[in-house]
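1 is the number of the first residue of the sequence shown in this note's numbering; add one for each residue after it.
From the three backbone atoms N, C-alpha and C, an ideal C-beta is built for every residue, glycine too.
Everything below concerns the one structure shown next.
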Amino acid sequence: MNGNVGVPDMNYQPKKPYGAILLLILVISIGFVGCTGYQQSPGPATTPPTQVPGTTTVTIQNFAFSPPELTVSQGATVTWVNKDAADHQIVSDASGADAVGNLFKSPILPKDGSFTFTFTTPGTYPYHCSIHPSMKGSITVQ
Ligand SMILES: [Cu+2]
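Here it is, written out as structure tokens:
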């Protein structure tokens, strides 16, 4: 009786590692397919980076702020650089998180002129150009 019980046990054991190897091969092939598919897909170059954490420079070019909307961390310093031949002046809106306006107000910036402001309070701060009211942007502080 004891001998008969031992035989099925011996037959059972070789199946276990075989199943494990099959599973391994399956996982590896899925991994390869996933990698290949990812590389073949074109990069998301068309997605405009409207929120770029870590980016603290706003370029003024062609009468527009770039990026127009920027999200920064609390305490971050943002620098605007005027790349236009025309003068610009950055002024924060009264509708911003400070609810007063003029939280920041640059001098009139000539070409290659820059203005820097440090944002210490979380909130969204819309701003515009005092010379060209159609130029609008906003800084969101998190
Ligand atoms: Cu302007």
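How many Å lie between residue i and residue j at the Cα?
i    : j    : result
K105 : L70  : 17 Å
D112 : V81  : 6 Å
S73  : T57  : 13 Å
P110 : S130 : 14 Å
S95  : G123 : 11 Å
D98  : Y127 : 12 Å
Y125 : A86  : 24 Å
H88  : V78  : 16 Å
P68  : Q61  : 11 Å
P133 : I139 : 17 Å
Buried or exposed for residue i, going by 16 or more other Cβ atoms inside 10 Å?
i    : result
G137 : buried
D84  : buried
V100 : exposed
S92  : buried
L23  : Any reading at L23 must be qualified, since the residue scores a pLDDT of 45, below 50, and its modelled position is unreliable; no value is offered.
If residue i and residue j are in contact, beta carbons under 8 Å, what's the gap, nearest whole angstrom?
i    : j    : result
I90  : F115 : 6 Å
F117 : V141 : Not a contact, Cβ separation roughly 11 Å.
Which residues does DSSP pair with residue i in a beta bridge?
i    : result
T59  : S66 and V81
S114 : V81
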